[in-house]
Amino acid sequence: MKKKNQNLKNNFLTAQKASVSIEASIIFGLLVILIALVGDVGGLLINRSKMDRLSYSLASILRERSLYPSPEISSDDVNQLEKIAKNLQKDAIARGAKLGLSVQVLHFDNTGSSPRVSKESNFDVGDIPCANPTPLADYANLSVRVGQSEYAKILRVNACMKAPNGFLSTKSLIEQALPAQSFSIVLVR
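Be aware that the sequence shown starts at 92, since it is given in the numbering used here, and climbs by one per residue.
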């Protein structure tokens, strides 16, 4: 009896009959998880490129607005900009996605030989707040003289989106590494 148990142990460790099916199930399971992860990352990259196009388009709208005499940008203007953004993205954004916009304007003191910040205006609209990675005042050196007496204002439009969950629960970790957020900076006359 003891010898029979010994043979069973040895056969169990060296038998190759079921090992292929066990290995195959593990490998196929890992492949399914990998494919779902690649799908989530791909979706986030697509959303990020959509936010790039959206922020650039909205910044261009505000820049073109400055070609004609107009008052300073107000919260009403930013609310209208949000409507334009939602209209531009209505087919591109998934159902249940939340969109946020942040518009910042940097005004300069016109005296002196280098641009000095005199006022900064911030407007936030939308379903979610957009994080601004760098203070806009850090970009003050981008301003140029327009005419002989004034510096061009700097405008930043930040668009962000939070999409509904994908295949995996790790999507929030992926979104932290690759946020669906973009900003565009333009000079306004």
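No residue lacks a Cβ here, since even glycine has one placed at the ideal position from N, Cα and C.
8 Å Cβ cutoff met for residue i and residue j
{"i": "serine 148", "j": "leucine 179", "result": "yes"}
{"i": "valine 277", "j": "arginine 154", "result": "yes"}
{"i": "lysine 189", "j": "lysine 141", "result": "no"}
{"i": "cysteine 221", "j": "leucine 197", "result": "no"}
{"i": "alanine 250", "j": "asparagine 138", "result": "no"}
{"i": "alanine 176", "j": "leucine 145", "result": "yes"}
{"i": "glutamate 163", "j": "asparagine 201", "result": "no"}
{"i": "valine 216", "j": "valine 169", "result": "yes"}
One or two residues paired with residue i in a DSSP bridge
{"i": "alanine 254", "result": "DSSP lists no partner for alanine 254."}
{"i": "arginine 247", "result": "Gln195, Ile276"}
{"i": "aspartate 200", "result": "Arg207"}
{"i": "valine 237", "result": "Glu241"}
Residue i - containing beta strand (DSSP E), residue span
{"i": "glycine 217", "result": "207-217"}
Own chain residues within Cβ distance below 7 Å of residue i, not counting five before or after
{"i": "alanine 243", "result": "Ser234, Val235, Val237, Leu278, Val279, Arg280"}
Residue span of the alpha helix (DSSP H) that contains residue i, given as start and end
{"i": "alanine 188", "result": "Element bounds for alanine 188: n/a, residue is neither H nor E."}
{"i": "aspartate 143", "result": "110-156"}
Any non-hydrogen atom of the ligand FMN closer than 7 Å to residue i Cβ
{"i": "valine 129", "result": "With respect to the ligand FMN, the structure offers nothing, as it holds no ligand at all."}
DSSP-derived helix/strand/coil call for residue i
{"i": "aspartate 182", "result": "coil"}
{"i": "tyrosine 242", "result": "strand"}
{"i": "serine 165", "result": "coil"}
{"i": "asparagine 232", "result": "helix"}
{"i": "asparagine 170", "result": "helix"}
{"i": "alanine 271", "result": "coil"}
{"i": "alanine 176", "result": "helix"}
Close beta carbons around residue i, own chain, < 6 Å, minus the five adjacent residues each side
{"i": "glutamine 195", "result": "Asn213, Leu227, Arg247"}
{"i": "valine 111", "result": "none"}
{"i": "serine 275", "result": "Ser146, Tyr147, Ala150, Val248"}
{"i": "proline 206", "result": "Phe199, Ala231, Ser234, Tyr242"}
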